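Visitor: Quick one: the structure is below, and I'll ask about it shortly.
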Amino acid sequence: MTAAAPSLALALRHARRELRGGLKGFRIFLACLALGVAAIAAIGSLSAAVDSALKGDARGLLGGDVDIALSHREASPAEYQALADAGTVSTVAEMRAMARAAMPGRGTGQRILVELKAVDQAYPLYGQLELAPALGAAQAFDRRDGVWGAAVDGEVLQRLGLRLGDRIKVGEAEYELRATVVREPDRGSSAFILGPRLMVARASLPATGLIQPGSIVSYHYRVKLRAGLDARAWLDRLTARFPDAGWRTRSFDNATPRLQQLLDRIALYLTLVGLTALLMGGIGVANAIKAHLDGRVTTIAILKCLGAPGRLIFQIYLAQTVAIAAAGIVLGVGIGALVPVLLSGVLARYLPVIAHIGIYPGPLLLAAGYGLLTTLVFTLWPLAEAREVPPARLFRSLVAPPERRWPRLPYALALALVAAALAALTVVTARERLVAVWFIAGVVASLALFRLAAWLIARLAQRAGRIDALATGRPTLRLALANLHRPGAPTASVALSLGVGLTLLTAIGLVEGNIAHEVTDRLPETAPSYYFIDIQPDELAGFDATVRGVPGVGDLEQVPSLRGRITRINGIPAAQARINPRSAWVLDGDRGLTYAADPPKGTRIVAGEWWPHDYHGPLLLSLDAEVAKDFGVGIGDTLTVNVLGREVTARIASLRDIDWSALSINFVMLFSPGLLDQAPKTYIATAKATPAAEEPLLRAVTDRFANITAIRVKDALEAAARILGNIGGAVRITALLTLVAGALVLGGAVAAEHRRRVYDAVVLKVLGARRRTLLAAFLIEYGLLGAAIAAIAAGIGTLAGYLVVTRVMRGDWGFLPATVAVTILGCTALTLALGFAGTWRALGARPAPLLRNE
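Structure (structure tokens):
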């Protein structure tokens with residue numbers, strides 16, 4: 105047996121004996137590690153549960169093995185026959201419409217925007233439509249005594265003041281409300297939802313009068329393929345057979361791309377924030393190890409005097425560290441595995457699928473790996489330092505801290521290797537690796553900045569203590585300043601532990617505050633009150649007169665509207681073009697487009713020129729400048745767009761800078777007049793109304809034009825705000841974990857220096873210092889330190905928030921002093937509270953026992 109084997113066995117035996125004394129001094133270690141691991145394990149488990157549900161229920165979410173979507177038009181007989189030859193077809197039509205009570209004396213008389221969904225008798229091909237009371241689709245939607253049936257979200261009943269059995273009017277048709285919708289199997293395939301659901305029979309749709317040339321309606325043909333047909337291969341053959349159909353195809357293995365992408369990004373950001381909490385906990389681990397080694401100075405010194413090699417010392421305390429880390433990791437993994445179970449009810453309310461709750465080993469093992477690597481990153485250095493310190497210096501450390509030494513090359517290389525492994529694990533397991541790389545760079549930069557800040561605070565405190573005006577007659581202040589730069593001061597630990605967490609919270613608060621400012625302050629000045637869609641050309645004059653006849657209404661704007669899908673970029677099929685993922689949404693389905701002889705109001709041309717007012721030449725295009733950059737196109741390049749099944753190619757004549765936040769009518773693609781003039785189209789209009797005129801305007805338009813749909817801008821923004829609020833809440837909760845980890849680390853830093861605090865307090869009390877004086881000095885120390893760190897974190901967090909708002913979100917920036925002030929005051933109060941707790945214990949120590957031991 106080699107010498108290393110007995111040495112390792114001896115190290116394990118010594119480590120086990122020391123651990124028999126309990127985990128005193130390691131509680132912060134366990135809490136920090138368990139908190140970070142639990143956050144990562146919980147986020148990973150939740151993501152895995154939702155992913156499993158999305159994949160397991162993919163056919164139900166899509167509505168079939170494949171989904172063929174068309175805008176504005178239904179499938180031709182030849183196209184439909186091709187679908188029917190492949191299996192069972194279910195047709196679903198979706199559009200937005202206005203609904204109102206149709207029974208005299210019943211209902212509030214209000215109009216509400218609904219998401220109208222018309223289904224056929226084959227619906228649903230997969231999954232089950234759940235209604236209350238428990239009716240089948242035929243019972244809920246069939247025609248009885250000349251009246252069609254409907255099922256609605258409960259919100260429709262609440263807002264219109266109706267109950268089941270009452271009737272509502274949609275367009276020109278009346279429906280009897282027979283059930284409420286509990287769950288739609290294919291709800292996850294829907295796009296952004298502005299109103300509550302209204303489900304009717306597909307056969308009843310013509311009676312509404314809503315389907316007119318150019319109406320904004322989507323037709324979905326779901327196909328349950330015959331056995332033996334491969335979905336992707338069949339779609340490829342279908343596309344080749346009908347190359348100009350202009351439809352969007354999806355198979356069950358890509359049922360909910362938008363939802364999946366959103367959830368992936370949320371999971372990524374939450375994981376990175378959780379990893380930040382774990383890294384903050386790593387600082388607490390390092391503090392705990394340092395405090396533990398400080399308490400074992402005598403033991404280490406005796407072992408070295410008896411001939412114990414430095415390698416044995418390293419192995420003993422590394423074994424202890426790994427054992428305690430294993431306990432913290434197991435605790436964190438256990439908590440993380442339970443979180444999906446505890447949040448299953450919450451997930452059911454916000455997701456279109458029922459999450460598959462269970463134990464997912466992958467995320468749990470990943471969290472354990474993060475925990476172990478983080479522990480090693482933050483403990484190898486202090487363990488290597490203890491290995492190198494000679495016995496004489498260890499004995500002197502009873503009254504003076506040992507000098508810091510660089511570890512030997514093997515340990516430095518091991519530390520670098522473990523840090524690289526942690527970074528590699530973060531990047532390799534991330535869904536968006538570039539984001540993970542920037543995260544790592546940001547964490548390293550933040551840690552370096554706060555470490556530098558701690559050094560500057562210590563140096564400034566040292567210089568301030570030498571100023572005669574401060575030193576003379578102010579012993580309390582001088583003592584506080586000395587505590588900030590003396591050997592063993594917790595300045596660096598506090599800076600690192602609270603700095604990153606507060607930076608994150610400040611940035612999140614400022615980003616959310618600026619978004620709220622855009623909605624609550626800027627919106628009333630610039631945004632219209634209503635969007636009106638599906639205005640037919642022969643209704644335009646009457647619509648104009650109706651709107652202008654309502655007192656308090658102005659700023660009416662009307663533009664023609666068509667729908668089209670980009671199929672080629674400079675002749676290259678859109679699916680094969682290399683574009684920036686930021687603008688991939690432009691290619692995802694049909695986009696709104698229009699044509700105009702003159703530039704719209706507020707248009708800013710950043711490249712090229714607008715066409716002449718009387719232009720009648722080849723089709724030209726004005727494109728959003730940001731989209732053009734992401735597409736890699738410019739002036740003179742071409743885009744091919746499928747409009748109502750016909751492909752048209754336009755040359756880019758100009759690029760526009762579009763301010764989407766103004767919420768005025770605008771389009772990514774704006775064409776020259778001529779070719780598109782004769783295409784079937786509707787009009788979109790916006791109008792601005794005073795608060796008192798909003799309801800009369802809605803009534804006037806919907807009473808006269810049953811087919812016109814009104815979208816209240818505030819309602820749409822509230823729907824978006826609810827989504828952003830839910831996401832923001834999850835991010836804030838996870839960010840608070842980082843602050844909790846920082847607070848634990850601060851508590852650990854206070855506990856780590858408790859022994860020296862006791863020693864200093866006893867000596868000063870023997871020399872005549874009063875408890876009140878010592879307490880004031882310690883509180884000034886922590887108050888100055890907390891305020892300084894908070895100010896630095898507020899500055900870095902403000903810069904990060906500014907970059908996110910202006911560069912990522914491309915919004916207007918406004919500094920929010922209240923948010924920053926809350927951060928500074930909260931950090932200072934937290935630092936004072938924890939510092940007071942540790943100081944109070946130290947001041948309570950009696951001098952006699954300590955002096956006898958010394």
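With the numbering used here applied, the sequence shown corresponds to residues 105 to 958, in that order. Where is the CB? At the ideal position from N, CA and C, for every residue including glycine. Here the structure is a predicted model, which means the values were calculated and not measured.
1. Looking at C-alpha atoms only, which residue of N770, L759, H720, A732 is the closest neighbour of L779?
2. Specify the secondary structure class of R131 as computed by DSSP and reduced to three states.
3. If you measure between the beta carbons of A892 and L583, is that distance less than 8 Å?
4. To the nearest whole angstrom, what separates the beta carbons of L281 and R291, a pair I think is in contact under 8 Å?
5. Where in the stretch 415-469 do unbroken runs of the alpha helix (DSSP H), each at least 4 residues long, occur, reported from the N-terminal end onward?
6. Inspect the beta-carbon positions of A631 and H589 and report whether they are closer than 8 Å.
7. Do you know how far the Cα of T927 is from the Cα of G617?
8. Distance, Cα to Cα, T877 vs A933?
9. If you count every other CB in all the chains shown that lies within 10 Å of the CB of R267, and 16 or more means buried, which is it?
10. For the alpha helix (DSSP H) containing D648, list its first residue and its last residue.
11. Taking DSSP as the reference, what is the three-state secondary structure of A205?
12. Have a look at the DSSP bridge pairing and note the partners of S355.
13. Taking only three categories from DSSP, how would you classify T284?
14. Roughly how many angstroms separate the alpha carbons of L502 and D155, rounded to a whole number?
15. Determine which residues share a DSSP beta bridge with P664 and list them.
16. Of all the options E288, R248, A197, S308, which has the alpha carbon lying nearest to the alpha carbon of A236?
17. Measuring CA to CA, which of L484, T483, V443, T479 is closest to Y464?
18. Is the beta carbon of V805 sitting closer than 8 Å to the one on F636?
19. Using the three-state DSSP reduction, which class does P63 fall into: helix, strand or coil?
20. Does the distance from the CB of I420 to the CB of A119 come in under 8 Å?
21. How many Å lie between E278 and T530 at the Cα?
22. Which one of L416, A534, Q424, A894 has the shortest CA to CA distance from Y474?
23. Return the residue from the list V909, G466, R750, F809 that minimises the CA-CA distance to F346.
24. Between which two residues does the beta strand (DSSP E) carrying Y325 extend?
25. In terms of residue numbering, what span does the alpha helix (DSSP H) encompassing G253 cover?
26. By how many angstroms is the C-alpha of K328 removed from the C-alpha of A972?
27. When you compare only the Cα positions, how much space is there between S633 and T192?
28. So, with DSSP's three-state summary, where would you put P347?
29. CA-CA distance, R672 and D761?
30. Measure the Cβ-Cβ separation of G318 and T794 and say whether it is below 8 Å.
31. In the structure shown, what three-state DSSP assignment does L502 receive?
32. I'd like the list of long-range same chain contacts for L600, defined as Cβ closer than 8 Å, with 5 residues on each side in sequence excluded.
33. Given this structure, state the Cα-to-Cα distance separating Q417 from G411, to the nearest angstrom.
34. Quick check on W715: buried or exposed, where buried means 16 or more other Cβ atoms within 10 Å of its Cβ?
35. Note the first and the last residue of the continuous beta strand (DSSP E) segment covering F775.
36. Provide the residue span of the beta strand (DSSP E) that contains D761, from first to last.
Guide: For this structure:
1. H720
2. helix
3. no
4. Their Cβ separation, rounded to whole angstroms, is 19 Å, which puts L281 and R291 out of contact at 8 Å.
5. 448-454
6. no
7. 14 Å
8. 20 Å
9. exposed
10. 644-652
11. strand
12. V170
13. strand
14. With a pLDDT of 48 at L502, under the threshold of 50, the modelled position of this residue cannot be trusted, and the question is left open.
15. Y787
16. E288
17. V443
18. yes
19. Nothing can be reported for residue 63: it is not among the residues displayed for the chain, which extend from 105 to 958.
20. yes
21. 57 Å
22. A534
23. R750
24. 322-329
25. G253 -> not in any alpha helix (DSSP H); beta strand (DSSP E) instead, spanning 251-256.
26. The requested residue 972 does not occur in the structure, where the chain is confined to residues 105 to 958.
27. 44 Å
28. coil
29. 23 Å
30. no
31. Reliability fails at L502, whose pLDDT of 48 lies under 50, so the model's placement of it is uncertain and the value that follows must be treated cautiously. Three-state DSSP puts L502 in coil, outside helix and strand.
32. M384, I387, L551, F554, R555, A558, V849
33. Per the sequence shown, residue 417 should be read as Ile rather than Gln. Between I417 and G411, the C-alpha separation is close to 11 Å.
34. buried
35. 773-775
36. 750-761
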